[in-house]
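Report on the following structure.
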Amino acid sequence: MIKTIKNGNLSGTVPAIASKSHAHRLLICAALADRPTRIRCTTTNADIDATAACLTSLGADITREGEYFTVTPIREVKKGQTIDCGESGSTMRFLLPVVLALGADASLLGHGRLPSRPLSPLYEELISHGAILAPQGTNPLGCRGCLTSGDYTIDGGVSSQFISGLMFALPLLGEKSRIIITGKAESRPYIDLTLSALRTFGVDIRETEPNTFSIFPSVYTSPHEICTEGDWSNAAFWLTAGAFSEAGITVTTLDPDSIQGDRRITAILADLGAHVTFHNDAVTVKRAVPLHGITVDASDIPDLVPILSVAAAGAIGKTAITGCGRLRLKESDRIETVCAMIRSLGGKISSEGDTIIITGKGTLTGGTADSANDHRIAMAASIAAGICTAPVTVTGAEAVAKSYPDFYSDLIKLNGEVL
7 MIKTIKNGNL SGTVPAIASK SHAHRLLICA ALADRPTRIR CTTTNADIDA TAACLTSLGA
67 DITREGEYFT VTPIREVKKG QTIDCGESGS TMRFLLPVVL ALGADASLLG HGRLPSRPLS
127 PLYEELISHG AILAPQGTNP LGCRGCLTSG DYTIDGGVSS QFISGLMFAL PLLGEKSRII
187 ITGKAESRPY IDLTLSALRT FGVDIRETEP NTFSIFPSVY TSPHEICTEG DWSNAAFWLT
247 AGAFSEAGIT VTTLDPDSIQ GDRRITAILA DLGAHVTFHN DAVTVKRAVP LHGITVDASD
307 IPDLVPILSV AAAGAIGKTA ITGCGRLRLK ESDRIETVCA MIRSLGGKIS SEGDTIIITG
367 KGTLTGGTAD SANDHRIAMA ASIAAGICTA PVTVTGAEAV AKSYPDFYSD LIKLNGEVL
């Protein structure tokens, strides 16, 4: 699918979509709980649907009506299933340990770039605790055996999803376990989001010392009804567009005190020179003074890097985005695809190690950007039309369905012209 955005002068108000990061976690907890749970999730997408489908394959009964998922938990594990994770890295990495804790003897199927994305060091830790796994890269990935409790040591610099997956699985085992994170725990806010979900469902998990978690055998206890937060990661696209707009853009249904790390977008945009205001659950961003270059550490907020690169291109001067190394392991090699996207639209960008450097001129020329089948690249390129002197054409625009199927509809609602 090809989309051309001709009018980047966006303004207006739009509600945040439901956080897929939060929805994944609530669905998994609900499927493992003692009784049914209703989850208010105002929107869904391919990744959320993949998690719901995988849990259904394992024996949960999950239905959606209106804005609600109703989850009847797994009572009898369906064994020998092929569990289709779509292109969702969160789904596969969260559910791999759960499948093994349940003794489901399943195969996990991935699509797109997912089968080639790394599972180490989680892979080796699972094998050392009773798992029998097909070789990495096998698709579908066969998983047999049943996990044993004990100490799990994970390098925190690869993916926080490995740690979250273990946190979901280990309470199901009969004895206390520990997760010991070595090195810096990258994307720590995502670990905190998992901890919050688990504690809401009554799981006994304690950080007994920095980056060491003790997990005790627990019964997941349903809160009966719970609401998914608004998504700061996807709201960041509209808030950044607001930084280019004299009239501004307001995003509603956002929790200003959310654990989501990507709420940092407001502080970053303010540092760039945008005018940012809060009112209850609404955030408004508008252009104030010409934006200027800054330095941003993205090690805890990797999903913001594509849109931050667009913001930097719309500023004057040099912006350095550090801590980007793990971006090479996303839906695309996001260091390469971010650089290609900005260059294709007339910007100056380079990478040095794990740092992306953008020399902003305040505007871009426009042109054609390839999404590389990456939803965040497609959306970032579309927002870049707000600083382009000519239209922006996005190839592979259907990638937005992974996290935000109605992205282009909402772009039109905000005064965008999409062809």
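Letter by letter, the sequence shown follows residues 7 to 425 of my numbering.
C-beta atoms are modelled at their ideal positions from N, C-alpha and C, and glycine is treated no differently.
None of the values given here were measured: they were computed from a predicted structure.
Check: For the beta strand (DSSP E) that H381 lies in, which residues bound it at each end?
Finding: Unbroken run through H381 is the alpha helix (DSSP H), 381-389; no beta strand (DSSP E).
Checklist line | Residue burial classification, K26 (beta-carbon count within 10 angstroms, cutoff 16) | finding: buried
Item checked: Beta-carbon contacts of A39 that lie in its chain and below 7 angstroms, excluding the five residues immediately before and after -> P79, F207, Y226, T227, S228
Next item on the list: Could you pull out every unbroken beta strand (DSSP E) segment of at least 3 residues lying fully inside the segment 83-132, listed in chain order?
Entry: 88-90, 113-115
Note to self: Residues in the same chain with beta-carbon distance under 7 angstroms from S264, minus the five sequence neighbours each way, listed in chain order, please.
What the structure shows: E235, W238
Check: Grouping DSSP H, G and I as helix and E and B as strand, with all else coil, what is H230?
Finding: coil
Next item on the list: Using alpha carbons as the reference points, say which of I133, A22, E404 lies closest to R269.
Entry: A22
Checklist line | DSSP state of P429 mapped onto helix, strand, coil | finding: In the structure as shown, the chain starts at 7 and stops at 425, and residue 429 therefore has no counterpart that could be examined.
Checklist line | Beta-carbon contacts of P195 that lie in its chain and below 7 angstroms, excluding the five residues immediately before and after | finding: I265, Q266, G267, D306
Item checked: Bridge-paired residues (DSSP) for Y158 -> I185
Item checked: Assigned secondary structure, P141 (DSSP; H/G/I helix, E/B strand, else coil) -> coil
Notebook entry, point to check: Below 8 angstroms, can you find three or more Cβ-Cβ pairs linking the segment 378-387 to the segment 396-406?
Noted result: yes
Next item on the list: For P411, name the three-state secondary structure that DSSP assigns.
Entry: coil
Note to self: Checking the sheet assignment: what are the DSSP bridge partners for C394?
What the structure shows: L370
Notebook entry, point to check: So L245 and V291 are in contact, right, with Cβ under 8 angstroms, and what is the actual spacing, rounded?
Noted result: 5 angstroms
Check: From which residue to which residue does the beta strand (DSSP E) around L147 run?
Finding: 147-151
Next item on the list: Taking 8 angstroms as the cut-off, decide whether the C-beta atoms of S388 and L417 are in contact.
Entry: yes
Notebook entry, point to check: What's the C-alpha gap between K84 and L108?
Noted result: 10 angstroms
Note to self: Could you check whether the segment 186-202 touches the segment 158-169, counting it as contact only if at least three pairs of C-beta atoms, one from each stretch, sit closer than 8 angstroms?
What the structure shows: yes
Margin query: Helix, strand or coil, according to DSSP, for T57 in the structure here?
Written below: helix
Check: How is K9 classed by DSSP in three states: helix, strand or coil?
Finding: strand
Next item on the list: Report all residues from its chain with a CB closer than 7 angstroms to the CB of S17; omit the five preceding and five following residues, and keep chain order.
Entry: S251, A253, G254, I255, L420, N421
Notebook entry, point to check: My guess is that L106 and I89 are in contact by the Cβ rule of under 8 angstroms, so how many angstroms apart are they, rounded?
Noted result: So it is not a contact: roughly 12 angstroms between Cβ atoms.
Margin query: Taking 7 angstroms as the limit between beta carbons, can you name the residues of its chain near P146, skipping five residues before and five after?
Written below: T88, S113, L114, L115
Notebook entry, point to check: Per DSSP, what kind of secondary structure is P79 in: helix, strand or coil?
Noted result: coil
Margin query: With DSSP as the reference, identify every bridge partner of K292, one or two as the case may be.
Written below: H281
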